[in-house]
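Mapping the sequence shown onto the numbering used here, position 369 (from 1) lands on 371, and the numbers just tick up by one. Ideal placement from N, C-alpha and C gives every residue a C-beta, glycine not left out. All values derive from a computational prediction rather than experimental measurement. Here's the structure, in structure tokens; my notes come after.
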Amino acid sequence: MIFAVLSYAPILHAERTQLPDKIQVDQKESVTKVFADADEWLNSGVLLKKGMKYKISASGRWSLGPICGTTGPDGVGNSPVCGGAYVSGSGSLLVGRIGEDGEPFAVGRGVEFTAGEDGALLFKVNGGLKIFCSGHVTVKTIALSPPVEQKVFSGKSDVDEIPIIKTTSNRNAYAIVIGIENYRQKLPKADFAVNDAKLMGEYLSRVMGYPEENIVTLINEHAALGDFVKYFEKWLPNNVEKGGAVFIYYSGHGAPNTKTGDAYLVPYDGDPLFIAETGYSLKRMYDALNKLPAREIIVALDSCFSGAGGRSVIAKGARPLVMNLQSNMALSGNMTVLSASSGEQISSTYDEKGHGLFTYFLLKGIKNEDVVKPDGSIKLDDLFGYLKPQVERIARKQYNNEQTPQLIGSKKSSR
């Protein structure tokens, strides 16, 4: 079903971008022409609504000049010398953005996306020079769904009540905690990822003996690719001493490299279309962790990497992968990885608890009397034995999904 929610009004091709004076509501779709020689961004006359899902399709032929060649809106066949001015790639690529200050994004022959903000939908050819440009493409914009209901958890779940457990602080224990819920590339929201990360940080400091000053928490825009490199490849090696403990927690999107099959964490500025250049691969992370002189390294990933949905994303047009996460790992003997799901599955949220499903039962296990030993220690085998069946049960019961957490590595005590 196509919902009649687009706002449309015509606008001339070479005008400066501006909102139309009159808006006609209840239009099912908008069709506009984008000319290659236009100096300014073309205002399509469509006002996008935050949370609304849209489909854009484009057809036609245009050229940036005899050197560049003639292409369709995907820019395929464009000369490499005619590069893009707004996004990387072909200069003949059709690009769009939301509002005057929006981040440009690739449209090509078509794209589906959820608007991250209200604003006018603008189009332009990706190339910079307009001296010998000719031709145009016809662009159709359709609203696919009503605004997506944002998942907001206003109350507190039982795991939000942090247990009072006496534990000895370990001055040589370091943690990196990452939660990315909103992405710069307007990827689907990773619901509750920030909530997950903040609470995990509190459990680490108040329950598991990690000093607050030894915990780095990276949230949304503070978890860009450069931050991953800085803290995994510089901060940890500069601080972790022989015999220390390291805990890594990640809540957010994962993505597969469809060419190599490698699994990637998606930083705040990551782009599934260019995941090898903008993502942080699990292999790179494990290589960095393997070099540390720590006695124990624990990695907990509330993410998935197949691209099939949930907490995973994939480049448009690519098919989800069945990934063998273990084959992508080269773990040292002191490292253990807890993953929210197997390679072909998705990782779900637990909406009524306000957390990722895996994270909720991970935290619930840390405070469970049957898991915690009298001396306050926790064996990862026991923790995993608790959370795995719980996650599987809720995934089947509430979502009709199979979600099977994985435990890979040395399985030593977590504290």
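_Between the CA atoms of T260 and E298 - distance to the nearest angstrom_ = The sequence position of residue 298 within the sequence shown is 296, counting from 1. The sequence position of residue 260 within the sequence shown is 258, counting from 1. Straight-line Cα distance between these residues: approximately 32 Å.
_Limits of the beta strand (DSSP E) - the one that P258 falls within_ = Numbered from its first residue, the sequence shown carries residue 258 at position 256. Looking at the DSSP string, the run of the beta strand (DSSP E) that includes P258 is G256 to P258.
_Just to check my reading of the structure: N216 and A177 have Cβ atoms closer than 8 Å, yes? What is that Cβ distance to the nearest angstrom?_
Against the sequence shown, residue 216 aligns to sequence position 214. Against the sequence shown, residue 177 aligns to sequence position 175. At roughly 7 Å, the Cβ-Cβ gap stays under 8 Å, so N216 and A177 are in contact.
_Top-ranked residue by Cα proximity to G91, from V78, S32 and L382_ = Translated into the one-based positions of the sequence shown, residue 91 becomes position 89. Closest option to G91, Cα to Cα, is V78.
*Beta carbon of V48, beta carbon of S32: below 7 Å?*
Here the question's residue 48 lines up with position 46 in the sequence shown. Here the question's residue 32 lines up with position 30 in the sequence shown. Cβ distance < 7 Å, so V48 and S32 count as in contact.
*S314 classed as buried or exposed, judged by whether at least 16 other C-beta atoms fall within 10 angstroms*: Within the sequence shown, the letter at position 312 stands for residue 314. Low confidence applies here, because S314 scores a pLDDT of 44, under 50, leaving its location unreliable and the question unanswered by this model.
_Counted within 10 angstroms of its Cβ, other Cβ atoms place L131 as buried (16 or more) or exposed_ = Your numbering for residue 131 matches position 129 in the sequence shown. It counts as exposed.
_Proximal residues to S301 (C-beta, below 6 Å), its chain only, five neighbours per side dropped_ = The sequence position of residue 301 within the sequence shown is 299, counting from 1. The question names Ser, but residue 301 is Val in the sequence shown. Cβ neighbours of V301 beyond the five flanking positions: I250 and V339.
*asked:* Can you give me the C-alpha to C-alpha distance between L206 and E235, rounded to a whole angstrom?
replied: As a position in the sequence shown, residue 206 is number 204, starting the count at 1. As a position in the sequence shown, residue 235 is number 233, starting the count at 1. Straight-line Cα distance between these residues: approximately 21 Å.
*Is it a yes or a no for the stretch 130-146 touching the stretch 55-72, going by three-plus beta-carbon pairs under 8 Å?*
yes
*asked:* The beta strand (DSSP E) that contains D304, what's its start and end?
replied: Numbered from its first residue, the sequence shown carries residue 304 at position 302. It spans E298 to D304 - the beta strand (DSSP E) in which D304 sits, taken as one unbroken run.
_Proximal residues to G312 (C-beta, below 6 Å), its chain only, five neighbours per side dropped_ = Taking the sequence shown and counting its residues from 1, one reaches residue 312 at position 310. Note that G312 has pLDDT 44, beneath the 50 cutoff, so the model's placement of it is unreliable and the number below is only indicative. C306, I348, S349 and S350.
_Length of the line joining the Cα atoms of G411 and K55_ = Stepping through the sequence shown from its first residue, residue 411 is reached at position 409. Stepping through the sequence shown from its first residue, residue 55 is reached at position 53. Approximately 41 Å, taken between the alpha carbons.
*What is the DSSP secondary structure of G62, reduced to helix, strand or coil?*
What you label residue 62 is simply residue 60 of the sequence shown in a count that begins at 1. In this structure, G62 counts as strand in the three-state DSSP scheme.
*Give the single residue among G281, D273 and E394 whose Cα lies nearest to the Cα of G264.*
Start at 1 with the first residue of the sequence shown, and residue 264 comes out as number 262. Reading off the sequence, residue 264 comes out as Asp, not Gly. The shortest C-alpha separation from D264 is found at G281.
_For N197 and G356, which I take to be in contact (beta-carbon distance under 8 Å), what is that distance rounded to the nearest angstrom?_
Translated into the one-based positions of the sequence shown, residue 197 becomes position 195. Translated into the one-based positions of the sequence shown, residue 356 becomes position 354. About 6 Å; that satisfies the 8 Å criterion.
*My guess is that V393 and Q408 are in contact by the Cβ rule of under 8 Å, so how many angstroms apart are they, rounded?*
Within the sequence shown, the letter at position 391 stands for residue 393. Within the sequence shown, the letter at position 406 stands for residue 408. Their Cβ separation, rounded to whole angstroms, is 11 Å, which puts V393 and Q408 out of contact at 8 Å.
*Can you check whether the CB of V89 is closer than 7 Å to the CB of V97?*
Here residue 97 refers to the residue found at position 95 when the sequence shown is read from its first residue. Here residue 89 refers to the residue found at position 87 when the sequence shown is read from its first residue. Yes; because the gap between Cβ atoms is below 7 Å, this pair is in contact.
*Buried versus exposed, by CB contacts within 10 Å (16 or more), P258*: For this step, residue 258 is matched to residue 256 along the sequence shown. Buried is the call here.
*Mind checking who Q408 pairs with in its DSSP beta bridge?*
Here residue 408 refers to the residue found at position 406 when the sequence shown is read from its first residue. Q408 is bridged to S341.
*Less than 8 Å between the CB atoms is what I'm expecting for I144 and K57, so what's the real figure, rounded?*
To locate residue 144, count along the sequence shown from 1; it is residue 142. To locate residue 57, count along the sequence shown from 1; it is residue 55. So it is a contact: roughly 5 Å between Cβ atoms.
*Taking all protein chains shown into account, do 16 or more other C-beta atoms lie within 10 angstroms of the C-beta of G245, making it buried, or fewer, making it exposed?*
Reading the sequence shown from its first residue, position 243 is the one you call residue 245. Under this definition G245 is an exposed residue.
*asked:* Bridge partners for E114 per DSSP, in chain order?
replied: Your numbering for residue 114 matches position 112 in the sequence shown. Answer is K57, bridged to E114.
_Quick check on K399: buried or exposed, where buried means 16 or more other Cβ atoms within 10 Å of its Cβ?_
Position 397 of the sequence shown, counting from 1, holds the residue named residue 399. With fewer than 16 Cβ atoms within 10 Å of its Cβ, K399 is classed as exposed.
*Below 7 Å between beta carbons: does that hold for E119 and K52?*
Locating residue 119 in the sequence shown gives position 117, where the first residue counts as 1. Locating residue 52 in the sequence shown gives position 50, where the first residue counts as 1. For E119 and K52, yes; Cβs fall inside 7 Å.
_Alpha-carbon to alpha-carbon, A38 and T140_ = Position 138 of the sequence shown holds residue 140. Position 36 of the sequence shown holds residue 38. Roughly 11 Å between the two C-alpha positions.
*In whole angstroms, what separates the C-alpha of N336 from that of L382?*
Translated into positions along the sequence shown, residue 336 becomes position 334. Translated into positions along the sequence shown, residue 382 becomes position 380. The alpha-carbon atoms of N336 and L382 are separated by roughly 13 Å.
*With E31 as the anchor, note down where its beta strand (DSSP E) starts and where it stops.*
In the sequence shown, the residue the question calls residue 31 occupies position 29. Residues E31 to F37.
*asked:* Quick check on H224: buried or exposed, where buried means 16 or more other Cβ atoms within 10 Å of its Cβ?
replied: Stepping through the sequence shown from its first residue, residue 224 is reached at position 222. Exposed.
*asked:* Given this structure, state the Cα-to-Cα distance separating S253 from C70, to the nearest angstrom.
replied: Taking the sequence shown and counting its residues from 1, the one referred to as residue 253 is at position 251. Taking the sequence shown and counting its residues from 1, the one referred to as residue 70 is at position 68. So the alpha carbons of these two residues sit roughly 43 Å apart.
*Beta-carbon spacing of L365, V161 below 7 Å*: Taking the sequence shown and counting its residues from 1, one reaches residue 365 at position 363. Taking the sequence shown and counting its residues from 1, one reaches residue 161 at position 159. Going by C-beta atoms, L365 is nearer than 7 Å to V161.
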